[in-house]
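Protein chains in written order, with this note's numbering: chain A, 1 to 112; chain B, 1 to 110.
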């Protein structure tokens, strides 16, 4: 089954404790991206990747890091999380940048 | 900077009452405009891609149209299962970034 898998689905943690949200797709897609979704602000792109070792900033990259060492994986790293990064995060992938994106089920992060 | 504005923010319709959702955009050269549907607690689900002014696409009760400044999502004779938040997104020739609007929350009452 074609899917985008995010882990964990839910996480409550504390300020400053480094965390990684994993994202994996099984469709051999080239384009992958991370979004955060906040009430009243909608879905905003954090980072995207056109292919292995090619990443670029979206609208809200501050406080986040990404890497794309393998085609199927695109982890989101919060080196020193802060409460303003409490949000619902989505990973998505598509065959190419202008193709429909397949979204994961989301990761709800709460940073205290 | 690319901008996407969706209206209305929320829309309540009686079952069978047709209507339209609006997506206005400002981009430096439109590469493509996307419509997605999002159900509560789920990731967005793809509906349509439109590439150039005058293009139209249909799927069941939904029809998407595109002009040089806006896109409409027409919903004909909606059913309660059409209740969801509808998102519009654009990609410009400036970058491969996707910019989403804030969405329109549609409620269809039986």
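Glycine residues also receive a C-beta, built at the ideal position from the N, C-alpha and C atoms.
Give a yes or no on whether the C-beta atoms belonging to residue i and residue j are separated by under 8 Å.
i, j, result
"residue 71/A", "residue 54/A", "no"
"residue 91/A", "residue 50/A", "no"
"residue 98/A", "residue 31/B", "yes"
"residue 16/B", "residue 103/A", "no"
"residue 19/B", "residue 75/B", "yes"
"residue 21/B", "residue 37/B", "no"
"residue 107/B", "residue 12/B", "yes"
"residue 63/B", "residue 55/B", "no"
"residue 104/B", "residue 86/B", "yes"
"residue 16/A", "residue 110/A", "no"
"residue 94/A", "residue 100/A", "yes"
"residue 3/A", "residue 107/A", "no"
"residue 47/A", "residue 63/A", "no"
"residue 41/B", "residue 42/A", "no"
"residue 61/B", "residue 78/B", "yes"
"residue 96/A", "residue 1/A", "no"
"residue 50/B", "residue 73/B", "no"
Taking Cβ-Cβ distances shorter than 7 Å, what residues in chain B pair up with residue i?
i, result
"residue 3/A", "Those do not exist, as residue 3/A stays about 11 Å from chain B at its closest Cβ, beyond 7 Å."
"residue 42/A", "100, 101, 102, 103"
"residue 105/A", "42, 43"
"residue 58/A", "97"
Using a cut-off of 9 Å between C-beta atoms, extract the partners of residue i located in chain A.
i, result
"residue 40/B", "Here the premise fails: no neighbours, minimum Cβ distance about 11 Å."
"residue 72/B", "Per Cβ cutoff of 9 Å: no residues; residue 72/B is ~19 Å from chain A at best."
"residue 87/B", "42, 43"
Starting from residue i, find everything on chain B with Cβ-Cβ shorter than 8 Å and list it in chain order.
i, result
"residue 33/A", "98"
"residue 166/A", "Outside the modelled stretch of chain A, which goes from 1 to 112, sits residue 166/A, for which no answer is possible."
"residue 45/A", "97, 98, 99, 100"
Give the interface partners of residue i over in chain A, defined as CB-CB distance under 7 Å, in chain order.
i, result
"residue 49/B", "100"
"residue 31/B", "98"
Identify the residues that DSSP records as bridge partners of residue i: which are they?
i, result
"residue 53/B", "None; residue 53/B has no bridge partner."
"residue 56/A", "48/A"
"residue 6/A", "23/A"
"residue 108/A", "10/A, 88/A"
"residue 32/B", "91/B"
"residue 26/B", "3/B"
"residue 74/A", "Looking at the DSSP assignment, residue 74/A forms no beta bridge with any residue, so it has no partner."
Give the interface partners of residue i over in chain A, defined as CB-CB distance under 8 Å, in chain order.
i, result
"residue 174/B", "In this structure chain B extends from 1 to 110, so residue 174/B is not present and cannot be described."
"residue 91/B", "97, 98"
So which residues on chain B does residue i lean against when the C-beta distance must stay under 9 Å?
i, result
"residue 50/A", "96"
**Asked** Along the chain, which unbroken stretches of the beta strand (DSSP E) at least 3 residues long are found entirely within the stretch 8-46 of chain A?
**Response** Segments of the beta strand (DSSP E) lying fully in the stretch 8-46 of chain A: 10-13, 19-25, 31-38.
**Request:** Decide yes or no for the touch test of the stretch 12-26 of chain B against the stretch 85-104 of chain B: beta carbon pairs closer than 8 Å, at least 3 of them.
**Result:** Segment contact: the stretch 12-26 of chain B against the stretch 85-104 of chain B, three or more CB-CB distances shorter than 8 Å; contact assigned.
**Three or more C-beta pairs below 8 Å linking the stretch 76-86 of chain A and the stretch 17-35 of chain A** = The answer is yes - the stretch 17-35 of chain A touches the stretch 76-86 of chain A, with three or more Cβ pairs under 8 Å.
**Prompt:** Does the pairing of the stretch 2-21 of chain B with the stretch 97-106 of chain B give three or more beta-carbon distances under 8 Å?
**Reply:** Yes: at least three Cβ pairs fall under 8 Å.
**Request:** Please specify which runs of the beta strand (DSSP E), each continuous and at least 3 residues long, are wholly inside the stretch 73-106 of chain B, giving them in chain order.
**Result:** List check, beta strand (DSSP E) in window: 84-92, 98-100.
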